[in-house]
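Presented below is the structure to which this report refers.
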Amino acid sequence: MSIFIGKDTTLVVQGITGRDGSFHSKQMIEYGTRVVAGVTPGKGGQTFEGTVPIFNTVADAVASSGANTSVIYVPPMYAADAIIEAADAGIQFIVAITEGVPVLDMTRVYAFVKDKGARLLGPNCPGLISPGESKVGIIPGSICAPGPVGVVSRSGTLTYEIVYQLTRAGIGQTTCVGIGGDPINGTNFIDALAAFEADPATRAVCMMGEIGGTDEQEAAQFVKDHMTKPVVGFIAGQTAPPGRRMGHAGAIISGSAGTAAEKIQAFEDAGIGVARRPIDFVDLIKARLR
Amino acid sequence: MSIFIGKDTTLVVQGITGRDGSFHSKQMIEYGTRVVAGVTPGKGGQTFEGTVPIFNTVADAVASSGANTSVIYVPPMYAADAIIEAADAGIQFIVAITEGVPVLDMTRVYAFVKDKGARLLGPNCPGLISPGESKVGIIPGSICAPGPVGVVSRSGTLTYEIVYQLTRAGIGQTTCVGIGGDPINGTNFIDALAAFEADPATRAVCMMGEIGGTDEQEAAQFVKDHMTKPVVGFIAGQTAPPGRRMGHAGAIISGSAGTAAEKIQAFEDAGIGVARRPIDFVDLIKARLR
Amino acid sequence: MNIHEYQAKEILRGLGAPIPPGEVATTSAEAEAIASRIGKPVVVKAQVHVGGRGKAGGVKLAKTPAEARERADAILGMQIKGLTVEKVLVTEAADIASEAYVGIILDRASKKPVFMVSPAGGIDIEEVAATTPEKILKLPIDTRYGLQPYQAMRLGFFLYDDLAKARAASKIMQQLYTAFMQSGCSLAEINPLVVTPAGELIAVDGKMVIDDNELDRRPAVAAMRDESAEEPSEVLARNASLTFIKLDGNVGCVVNGAGLAMATMDLVKYYGGDPANFLDIGGSSNPEKVVSALQIITADPNVKAILFNIFGGITRTDDVANGIVTATKKNPLKVPIVIRLTGTNEEIAMKILTENGFSASSDMDEAVKKAVALATGGKAA
Amino acid sequence: MNIHEYQAKEILRGLGAPIPPGEVATTSAEAEAIASRIGKPVVVKAQVHVGGRGKAGGVKLAKTPAEARERADAILGMQIKGLTVEKVLVTEAADIASEAYVGIILDRASKKPVFMVSPAGGIDIEEVAATTPEKILKLPIDTRYGLQPYQAMRLGFFLYDDLAKARAASKIMQQLYTAFMQSGCSLAEINPLVVTPAGELIAVDGKMVIDDNELDRRPAVAAMRDESAEEPSEVLARNASLTFIKLDGNVGCVVNGAGLAMATMDLVKYYGGDPANFLDIGGSSNPEKVVSALQIITADPNVKAILFNIFGGITRTDDVANGIVTATKKNPLKVPIVIRLTGTNEEIAMKILTENGFSASSDMDEAVKKAVALATGGKAA
């Protein structure tokens, strides 16, 4: 079992003929993801890698392929349009990989997607993977293994690091979800935690947060109030100076708010196991899976 | 009993100190409507007629008075803002009397009100009256009487004409609703018909339509499919030339669509009694109330 | 409010849309001069607010400036559906490889502006809708978001398979949408949108209808009104804040409220008469409005009887009675008048009328019957 | 991206907001000339991208042009929180009857721009929020609708009871919102918004922070960047497409991915070291980026050891290894380097490094411990 994607996922790739889109489409197909359509305006009627039909619009792609999920690899200035197009075409789960999407664009996009009843993951995220079932995005399949742990994170490579260590320690994953590093995104920690709580195969959850905003604090409250499964958490950015954007658009301490210290405190208050170092996840999770 | 308004209606008047607003506020108070607040920016803290507190904003008025209904008498260019303000302040039923609201404004207003889960009546409508209970808008109370007939109409004075004839013939009304003559409005025939069908006190319904659009045709289908109570209908504009706006912004035959003939046909097909002349309502309703 | 083709095209040109060169002329000499400036074959097109001008002979090709002069001479002053042609557009003639239809209407059902596009352009879109509806794509636009790039591209691809043409078309969609929103339209269309043999897109005809309610806040758009292209009595009525539409019947109608006005006209017809007009004196009518209304109606030689039908709500019937007295004192009536009044201040109104030699009833049906009888020369039924 | 007060004020002035006259100067002579032109007492204000310049002595009143020159002389070249003042704004001094705060921030929780206004202006709004939260009105704005007139009035009435002042304030709200949206801000504020003894509203200070992601599509805004007001190493890094933030520690960090970069810095600290910087070489790094990264880091005299931490996903670790070899061949390192590489093409990378005399591990924890030990002069733990 898994959350958000699984064996039933049928995927349309928006921007399938672009540099990133084509590279990762091949990777996804290789991993076993059911890539059923691609979209590149003007290339409608062609095929990608000889097997995946390409369409001019997402509406055409959905009408023809019945795709239920979309992944977006288009340049930042076109990402908002691509997300809205996917939601408008009836896609229920949209994964936006693109980094650098103007945050004001996301205020409109978020409202649109919500009105359509769809779920957006990202933007500026690595996507997600349900080991052995489906991979949507850019998380390397080789570092994952099927198993009982749900992983949710605001970052990309830090997630790889921790998933890799879990896998090496023999701890597999139900789904690894990167929610992205932007201040306004479609899916937050609570959404993923609630899904893991509801997923019978998930027995424990790893949550990797960082400085900026209060998403982790609200997630901690959610864990305290609604979760029966154990959660282990980590916060990156203890050494970050205030007022500076630490790579991720959302990783910024505003005034005195959004520090690592307050987030770690919230984790502790909620009974979440706190990993001080990335490597600590292994022992903390092991203890909770016993 | 009644629909949309009744003894529980507590009203805030937007534009209470304006020419129309003050005149009709007095009329409504006189009729027995519970006018609990007024809004005129800059006059917050004053009172209207010594009894109704005035506020600068609808938010303040609602917070202080708990009003559940609003009626709007502001100039056309401010009407969209006033409607959105009311919905945003938590008002659940908003009656916009103002005539001349730009139709494009209503495209945004309609979406906003819908998102808030509120109901809008109008704009460009005479409001409504539940005889003996409450009156919101400008329908003269003197021509109405309590009774078993629901009235819904796209026009103002034509409604008065017919209500007056009903009352003179001893046929009272549960509620008389003017949905307004604009092409985009908040409440349509179906909304009112469904409410009358659900209202135990209503035993028959008079529906006055006119040329333009397909609201009457859809209403006829609704009557056929969902209504157990008898309905008598009338269509104004049999002599209207195509392509001309007959006073009401919505009363226009576009190309060959929206004619009186097709609407009357739809009524007949749905088993709705058709009043050829306004005066015919009396006999047609009488026969259906027996 | 209707604006002319040349005005719609100026708006679109200002937004960067590909509009062929052209100018408006009110004389044949001007038309010739414009044709000379263009230096290529032109089309001379009557600028009137009615459809079907092509069939009526109001659109003609001219290969030379001299021919343009001749064509303009023939078209200027021509009557099309009762309206006199006062202006012609002289515009470069286009080579046509294919024609498409692009339009936006403010749609009541979806409560949104709706794009309608069809590769079957150049003809009446209602005809396409009736015969080959699959050739039309309808796309509602949420005005909170505006026309999104993907929507414009989808519309473009519906018209053209080719990416370059679809892109060019999507740009025109954006321009038309901007024009629609900026001018406060209820309709805007380009028909035909032409592809030339060289593969370029050009907008050969343009039409925009403005929502009257927008004019107060858009003075530049309001200034486009061409009163010379309207029925003079309607211009007069509008300037007196009356809603008036001229018809061909013999019973002049003065009513308060649009719905009641239509119902009154219908009842005139029901009893065998013909309404001479639609006239709504509005809610808060004052005596001056009644005076203007009577002036306009009595100026119509077809009118054989005048019918007042007033249901006093906000309207005070005594105001109306005073208006009737004032107006008829100034200009005594040459046709009979039937007055029906009821509602607010009815008793005062009746008194005023009686004192001034008018009779009045409070029954609509009866009044209409009487007016029809008087207009048709028969007796009151 | 931060822009200066004077730039924010120019944007607001362009939208019609009431900004007192003022100009920017880079020399004291210019400051004197500006003060002469203004002809009234002025304030000389340091233009730096940090808060607290008032307390640091970077804002001074000057009654005469000569005094303005003196003040500018003192302020120009001053160090405020590590940044050198290169520009001063010379602006008319305002008479103050009351001060309010008006700001818009892009709020993560509501996913909307949120207005924050308070009649307690002129001081740090965080302080107001902490001590007297009832003096702050927060109002989220749905960008699909924009700031509605009733919302602007509500904000105005929260600041002023008086209709005229509330109206004037509501106009300024609209201007600030327009500035926020047009420039692609994540923050825009006027603090203080002053009421003068004569009852007029003026914006005495203005601040805008631009979302970096907006700069590509807003070249005019991007052109406002003042590289002279930034840390030179950060300018260098940005021009090499690296995300770099200078810190005061001794372990230089080169990492791929922002989250892993922060986690690496944290681990350095955990093991008793201090990170010298944040540096993310990005997803699809090429050898040139690695070369630039090493140049920037080795230029910092505080750096006593360099730590690479690369988890190859999209990033190919062999690219990184090649970058290290190239960079160190060109400019031999003077400090020790610790390399951790794992993931895509790890074996090739290890081979390249070994062949060129570098050792590398695949374990993050171990690598960080070693780098800290080298930087602090101790032994690897």
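Protein chains in written order, with our numbering: chain A, 1 to 290; chain B, 291 to 580; chain C, 581 to 961; chain D, 962 to 1342. Just so you know, even glycine gets a beta-carbon here, dropped at the ideal spot from N, CA and C. Source: prediction; values computed, not measured.
Please state the DSSP three-state secondary structure of residue i.
{"i": "residue 1283 of chain D", "result": "helix"}
{"i": "residue 827 of chain C", "result": "coil"}
{"i": "residue 909 of chain D", "result": "The requested residue 909 of chain D does not occur in the structure, where chain D is confined to residues 962 to 1342."}
{"i": "residue 448 of chain B", "result": "helix"}
{"i": "residue 519 of chain B", "result": "coil"}
{"i": "residue 697 of chain C", "result": "strand"}
{"i": "residue 659 of chain C", "result": "strand"}
{"i": "residue 1229 of chain D", "result": "helix"}
{"i": "residue 108 of chain A", "result": "helix"}
{"i": "residue 173 of chain A", "result": "strand"}
{"i": "residue 53 of chain A", "result": "strand"}
Which residues does DSSP pair with residue i in a beta bridge?
{"i": "residue 360 of chain B", "result": "B/302, B/384"}
{"i": "residue 890 of chain C", "result": "C/921"}
{"i": "residue 1162 of chain D", "result": "D/1156"}
{"i": "residue 769 of chain C", "result": "C/683, C/787"}
{"i": "residue 1241 of chain D", "result": "D/1204, D/1216"}
{"i": "residue 432 of chain B", "result": "Beta-bridge pairing links residue 432 of chain B to no other residue."}
{"i": "residue 530 of chain B", "result": "DSSP lists no partner for residue 530 of chain B."}
{"i": "residue 1179 of chain D", "result": "The partner list for residue 1179 of chain D (beta bridge, DSSP) is empty, contrary to what the question assumes."}
{"i": "residue 439 of chain B", "result": "B/463, B/494"}
What residues in its chain sit with their C-beta under 8 Å from that of residue i, if we drop five residues either side in the sequence?
{"i": "residue 638 of chain C", "result": "625, 626, 628, 655, 658, 660, 665"}
{"i": "residue 741 of chain C", "result": "none"}
{"i": "residue 403 of chain B", "result": "373, 374, 377, 384, 409, 410, 476"}
{"i": "residue 960 of chain C", "result": "Note on residue 960 of chain C: pLDDT 43, under 50, position unreliable in the model; the coordinate value appears next. Hits under 8 Å: 949, 950, 953, 954."}
Kindly list the residues whose CB is nearer than 7 Å to the CB of residue i, restricted to its own chain and excluding five residues on each side of it in sequence; keep chain order.
{"i": "residue 633 of chain C", "result": "626, 639, 660"}
{"i": "residue 760 of chain C", "result": "684, 693, 768"}
{"i": "residue 876 of chain C", "result": "813, 816, 817, 824"}
Taking residue i as the query, report the chain B residues whose CB atoms sit under 9 Å from its CB, ordered along the chain.
{"i": "residue 619 of chain C", "result": "Near residue 619 of chain C there are no residues of chain B at all, since even the closest Cβ is about 38 Å away, more than 9 Å."}
{"i": "residue 888 of chain C", "result": "Within 9 Å Cβ-Cβ: nothing; residue 888 of chain C doesn't reach chain B, min ~13 Å."}
{"i": "residue 893 of chain C", "result": "416, 428, 429, 430, 433, 446, 447, 450"}
{"i": "residue 764 of chain C", "result": "392, 393, 394"}
What does residue i reach in chain C if we use C-beta pairs closer than 9 Å?
{"i": "residue 556 of chain B", "result": "What residue 556 of chain B touches in chain C: nothing, since even the nearest Cβ is about 15 Å away."}
For residue i, return the contacting residues in chain A, with the cut-off set at a CB-CB distance below 7 Å.
{"i": "residue 729 of chain C", "result": "81"}
{"i": "residue 737 of chain C", "result": "56, 57"}
{"i": "residue 1137 of chain D", "result": "Within chain A, no residue comes near residue 1137 of chain D; the closest Cβ sits about 15 Å away, beyond 7 Å."}
Enumerate in chain order the residues of its own chain whose CB-to-CB distance from residue i is below 6 Å, with the five nearest sequence positions on each side excluded.
{"i": "residue 705 of chain C", "result": "681"}
{"i": "residue 1297 of chain D", "result": "1266, 1335"}
Chain A partners of residue i, CB-CB under 8 Å?
{"i": "residue 725 of chain C", "result": "84, 108, 112"}
{"i": "residue 733 of chain C", "result": "41, 56, 57"}
{"i": "residue 1174 of chain D", "result": "76, 100, 101, 102, 103, 249"}
Mind pulling the chain C residues with CB within less than 7 Å of residue i?
{"i": "residue 42 of chain A", "result": "743"}
I want to check one thing, is the minimum distance from the CB of residue i to the heavy atoms of the ligand ZN below 7 Å?
{"i": "residue 1263 of chain D", "result": "With respect to the ligand ZN, the structure shown offers nothing to examine, as it has no ligands at all."}
I want to verify the contact list: residues of chain B whose CB lies under 8 Å from the CB of residue i, in sequence order.
{"i": "residue 855 of chain C", "result": "529"}
So if I threshold CB-CB distances at 7 Å, which residues from the region 400 to 420 of chain B count as touching chain C?
400, 401
Any residues in the region 53 to 68 of chain A with a beta carbon nearer than 9 Å to a beta carbon of chain C? Which ones, in chain order?
56, 57, 58, 59, 60
Taking any Cβ of chain A, which residues in the region 1204 to 1234 of chain D have a Cβ under 7 Å from it, in chain order?
1204, 1206, 1208, 1217, 1218, 1219, 1220, 1221, 1222, 1223, 1224, 1226, 1227, 1228, 1230, 1231
Residues within the region 269 to 288 of chain A neighbouring chain D, beta-carbon criterion of under 7 Å:
276, 277, 278, 279
Output needed in chain order: residues of the region 688 to 715 of chain C with a Cβ under 8 Å from some Cβ in chain B.
688, 689, 691, 692, 693, 706
Within 9 Å of chain C by C-beta, residues of the region 419 to 448 of chain B in sequence order:
Listed in sequence order: 428, 429, 430, 432, 433, 443, 444, 445, 446, 447, 448.
Could you run through the region 915 to 929 of chain C and flag, in chain order, every residue whose CB is less than 9 Å away from some CB of chain B?
Among the residues of the region 915 to 929 of chain C, those with a Cβ less than 9 Å away from any Cβ of chain B are 922, 923, 924, in the order of the chain.
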